[in-house]
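Single-structure report; data block below.
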Amino acid sequence: SGDGMIVKKQAWHFFEDVERREGIPSLGFLDGDTISIDDLGSLGRTLQRAVTLKDAIDTFVRLVPAFAEGNNCWLQRGQEVSWLWCSTRGLARSARVADHYTIVVLREVIRLAASGDWEPSAIRLYSDAGKSSTRISQLTDKQVWFEQDATGIAFPSRLLGMPVAASSESNAFAQAEELEIVDSTNIVDALHTVLSSFIKYGALQNVEEAAEIIGVSRVSLYRALKAEGASYRRLSERVRFDLARHLLKDQSLSVKQVSFAVGYAHQTSFVRSFRQLSGYTPTEFRHIYDS
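Counting in our numbering, the sequence shown runs from 2 upward without gaps.
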């Protein structure tokens, strides 16, 4: 709403006054460095349930306008280097605090698949440099451009095909050695374990069967999934992708054999789904991530 935009602009003006009055040119970075994906609330939880970084970015791009009015984000994919961009309607060139804070949020999205201390090597800022940009330590070791059309960070394109932290192989397989599910307060994690267990035997349970194994009703299962920003379909896709990328490491297996092993009746459906999630075909993925 228009009122929402006024409140947001007032907030940024307040931080700009603090930055100017206290002489803290890195205020946006200092404030942003205290946040994590968890601090983004339901948006953060939804991103953590993504399958790959590309899947998380696609979700981020789609949902940001609903969580931050006037904001628009997009992915610019390159062969070696890609950019994650964000623009804010009505933002002044002098709004450096807001711009710096945006950089931190974009960085946290990339860290879903990169290491926890990952930093972009190149940054483009919508805001101007101001008089104190050389005093900002977060910018000194990077390529930086000011007064750009939008705010963005560069990252290696190969990260797009990497799983987010919540869907690492250690989660997907180490917890799935036993078919028996113990009591768990986290129904979604229990569902993930069930699906991971059964996919190794060439099958995925439907919702009713999975709920029965976990020991909850179908309604309770759906309620838990909704609360975590997840869905049965997305969890199934994650389990399939985790197993597929694991099997693709075995060069003796053809893509067709891998597609059947993860439950696809047709190789074309597997290739289409895999590319949608990772940005690469299984063959491209095998070549890039084994090199």
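Virtual Cβ for every residue (Gly too), placed ideally from N, Cα, C.
Note that the structure is a prediction, hence the values are computed from the model and not measured.
Residue burial classification, Ile302 (beta-carbon count within 10 angstroms, cutoff 16): Nothing can be reported for residue 302, as the shown portion of the chain is limited to 2 through 292.
Give a yes or no on whether the C-beta atoms belonging to Ala211 and Leu192 are separated by under 7 Å. Against the sequence shown, residue 211 aligns to sequence position 210. Against the sequence shown, residue 192 aligns to sequence position 191. Their beta carbons are under 7 Å apart, which means Ala211 touches Leu192 by this criterion.
Let me confirm a value: Gln206 is counted as buried when at least 16 other C-beta atoms fall within 10 Å, else exposed. Which label applies? Within the sequence shown, the letter at position 205 stands for residue 206. Buried, because 16 or more other Cβ atoms sit within 10 Å of the Cβ of Gln206.
Residue from Asp129, Val105 and Leu126 with nearest C-alpha to Asp118: Looking up residue 118 in the sequence shown gives position 117. Looking only at Asp129, Val105 and Leu126, the smallest Cα-Cα distance to Asp118 is reached by Val105.
For the alpha helix (DSSP H) containing Arg235, name the first residue and the last one. In the sequence shown, the residue the question calls residue 235 occupies position 234. Tyr233 to Leu248 is the span of the alpha helix (DSSP H), which, as asked, contains Arg235.
Report, in whole angstroms, the separation of the C-beta atoms of Ala115 and Leu64, which I expect to be a contact under 8 Å. The residue labelled residue 115 in the question sits at position 114 within the sequence shown. The residue labelled residue 64 in the question sits at position 63 within the sequence shown. The pair is not a contact, with the Cβ atoms about 21 Å apart (cut-off 8 Å).
Could you have a look at Gln252 and say whether DSSP puts it in helix, strand or coil? Sequence index remark: in the sequence shown, residue 252 carries index 251 (1-based). If DSSP states are grouped into helix, strand and coil, Gln252 belongs with coil.
Could you say which of Phe199, Ser158, Phe261 and Leu196 lies nearest to Phe286 if we only look at CA atoms? On the sequence shown, residue 286 is found 285 positions in, with the first residue counted as 1. In this structure, Ser158 is the residue among Phe199, Ser158, Phe261 and Leu196 with its C-alpha nearest to the C-alpha of Phe286.
At what residues does the beta strand (DSSP E) containing Leu85 begin and finish? For the purposes of this step, residue 85 is taken as the residue at position 84 of the sequence shown. Residues Val82 to Thr89.
Sequence-distant residues of its chain with Cβ nearer than 6 Å to Gln268 (five each side left out): On the sequence shown, residue 268 is found 267 positions in, with the first residue counted as 1. For Gln268, where only same-chain residues beyond five positions count, the Cβ hits under 6 Å are Lys257 and Ser260.
Return the bridge partner residues of Leu64 from the DSSP annotation. The residue given as residue 64 occupies position 63 in the sequence shown. When DSSP reads this structure, Leu64 sits in no beta bridge, so it has no partner.
Return the Cβ separation of Ala262 and Leu248 in integer angstroms, given the expectation that the two are a contact with Cβ distance under 8 Å. Working through the sequence shown from its first residue, we reach residue 262 at position 261. Working through the sequence shown from its first residue, we reach residue 248 at position 247. The Cβ separation is near 6 Å, so the contact holds.
Whose C-beta lies closer than 7 Å to the C-beta of Ser218 among residues of the same chain, with five residues either side of it excluded? For this step, residue 218 is matched to residue 217 along the sequence shown. The residues Ala212, in chain order, have a CB closer than 7 Å to that of Ser218 in the same chain once the five nearest residues on each side in sequence are set aside.
Between the alpha carbons of Glu70 and Arg50, how many angstroms are there, rounded? Here residue 70 corresponds to residue number 69 of the sequence shown, with the count starting at 1. Here residue 50 corresponds to residue number 49 of the sequence shown, with the count starting at 1. Straight-line Cα distance between these residues: approximately 23 Å.
Sub-7 Å separation of Asp100 and Leu76 beta-carbons: Sequence index remark: in the sequence shown, residue 100 carries index 99 (1-based). Sequence index remark: in the sequence shown, residue 76 carries index 75 (1-based). The Cβ atoms of Asp100 and Leu76 do not sit closer than 7 Å to each other.
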